[in-house]
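Have a look at the structure below, then the notes.
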Amino acid sequence: VARAVNVAPTLEAPKKTWQRAWRMHKRLLPLLHITDWRKETRLEDSSLNVACLWWKALAANNKTSPIYDNALSYDLLPSLTRRLISPKLICFYPRLHHANVEIRTAFLDQTLLSIIQTISSSGKKKKIRFLCMGSGYDPRSIKFLERDLVEECWEFDLPNVVEAKEQLYRSKRFRKRRPWLNMIPDDAMENGEEKKAGNIEKKTLIERLHFVSSDLNDVQTLEKKIDAVLTSPSKHNDNLKNQEEDNHVEWYNIFIFEGVMIYLNDTIPSTLLSVCSQALVRNNATGSLCFADRLENIPGGDEILAQKEMKRNGWELMKWLPKPGLARHMGFAVPLGGGEEFRLK
């Protein structure tokens, strides 16, 4: 599996070693964040969110890794303690949990990039939108915005996580480390001159990321919030003319699940798959589904069972790559009867 996504394999170690590493990191987290006494940088932990941020930063700080993110994840960490995973030190860490997270991150990033390239080369004028379900402190939205690969991103998560993440992204520390996130992109310039304030089409990169407080177990409320996103015009078009033009541009919506279904109530993971596919149909929208999670009704990595689970919930499985770990199911799916662009490949 690791080779399939161009990542070095995890360490061959007994289960006790993995458990020991898990417990040790959990005990160290309060010390790693001991300097984060300011509210704007204090992270609320929920379902290993903070631990995953450190694992991703450790993997993404390696320039030889396919998930290298130009220190984005690293910039989200406390000033002093983050030096423990500086590029010079990462080689000393055994490839355990961070390597497992690296595999699923590489799969998602590579699959998302492939989807975007296919849509962009289809000849149709479409804007790309991410809808990230339970994304925790994962920085994928910012990473793809920085690289100008998507137009906007929406993240759905618990209120305390959303509030903490939004404060962290808007903190002085993070803005100082990545000042370009608070600047108008180059395409807000015309003929070398800045447009007048009333005609600026796009806001800063950070303002193209939107947070939605959501309990994913509350399916009915979540359904309404997804509908609101799919039917809304671009959030970063300010003037009326640009909004009218935006209404004629088709959006391509990519639903992303990573390591969140594990923590949901029974039957909710399958229901969410159906909610996403039905939302696309109901709003006459195009899109797809990309996941690295643990689906229901698939005890192992059986692709036939995965195809049946997807079909029951309105999706056709196009790519399947199971791996070890809790979030063992990785794949890509398109709505039943849709996804013509991918069938031509």
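The numbering used here runs 7 ahead of the 1-based position in the sequence shown.
We put the CB at the ideal spot given by N, CA and C, even for glycine.
For clarity, every value in this text was computed on a predicted model and none was experimentally measured.
Residues of its chain near residue i, where Cβ-Cβ distance is below 6 Å and the 5 sequence neighbours each way are ignored
| i | result |
| --- | --- |
| Val236 | Trp161 |
| Leu280 | Asn320 |
| Ser127 | none |
| Leu216 | Ser148 and Cys160 |
| Arg182 | Asn189 |
Buried or exposed (CB count within 10 angstroms, at least 16 for buried), residue i
| i | result |
| --- | --- |
| Ala20 | exposed |
| Phe114 | buried |
| Arg154 | exposed |
| Phe262 | buried |
| Val256 | exposed |
| Ser86 | exposed |
| Trp337 | The sequence given here has Met at residue 337, not Trp. The residue in question, Met337, is buried, as its Cβ has 16 or more Cβ neighbours within 10 Å. |
| Gly266 | buried |
| Gly307 | exposed |
| Asn13 | exposed |
| Phe137 | buried |
| Lys172 | buried |
| Thr17 | buried |
Proximity of residue i and residue j at Cβ, strictly below 8 Å
| i | j | result |
| --- | --- | --- |
| Leu287 | Gly294 | yes |
| Leu333 | Ile275 | no |
| Pro146 | Leu83 | yes |
| Lys33 | Ala58 | yes |
| Cys283 | Thr118 | no |
| Leu79 | Leu152 | no |
| Val157 | Ile122 | no |
| Thr88 | Leu39 | yes |
| Met325 | Gly345 | no |
| Gln174 | Glu47 | yes |
Per-residue DSSP class, three states only, for residue i
| i | result |
| --- | --- |
| Glu214 | helix |
| Ala336 | What sits at residue 336 in the sequence shown is His, not Ala. It is a strand residue. |
| Ala299 | strand |
| Met325 | strand |
| Val341 | strand |
| Leu138 | strand |
| Val226 | helix |
| Asp116 | helix |
| Ile263 | strand |
| Lys133 | strand |
| Thr17 | coil |
| Val8 | coil |
| Asp43 | coil |
| Val219 | strand |
| Asn206 | Note that Asn206 scores 35 on pLDDT, short of 50, meaning its location in the model is unreliable and no value can be drawn from it. |
| Glu159 | strand |
| Asp234 | helix |
| Thr274 | coil |
Residues near residue i in its chain [Cβ-Cβ closer than 8 Å; skip 5 each side]
| i | result |
| --- | --- |
| Ser277 | Leu302, Glu303, Asn304, Glu316, Arg319 and Asn320 |
| Asn290 | Asp234, Leu237 and Thr238 |
| Thr232 | Position check: residue 232 holds Lys in this sequence, whereas Thr was assumed. Excluding positions up to five away in sequence, the list reads Phe163, Val219 and Ser221. |
| Trp25 | Leu103 and His104 |
| Leu120 | Leu156 |
Cβ shell of residue i (< 7 Å), same chain only, five flanking positions each side left out
| i | result |
| --- | --- |
| Asp353 | Residue numbering for the chain in the displayed model covers 8 to 352; residue 353 lies beyond these limits and cannot be assessed. |
| Gln285 | Gly321 |
| Leu36 | Val57 and Ala58 |
| Glu109 | Val14, Ala66, Ser72 and Ile74 |
Residue i beta carbon near the ligand HEM (any heavy atom closer than 7 Å)
| i | result |
| --- | --- |
| Val14 | The ligand HEM is absent from the structure shown, which contains no ligands of any kind. |
Whole runs of the alpha helix (DSSP H) within the segment 63-94, excluding any shorter than 4 residues: 79-82
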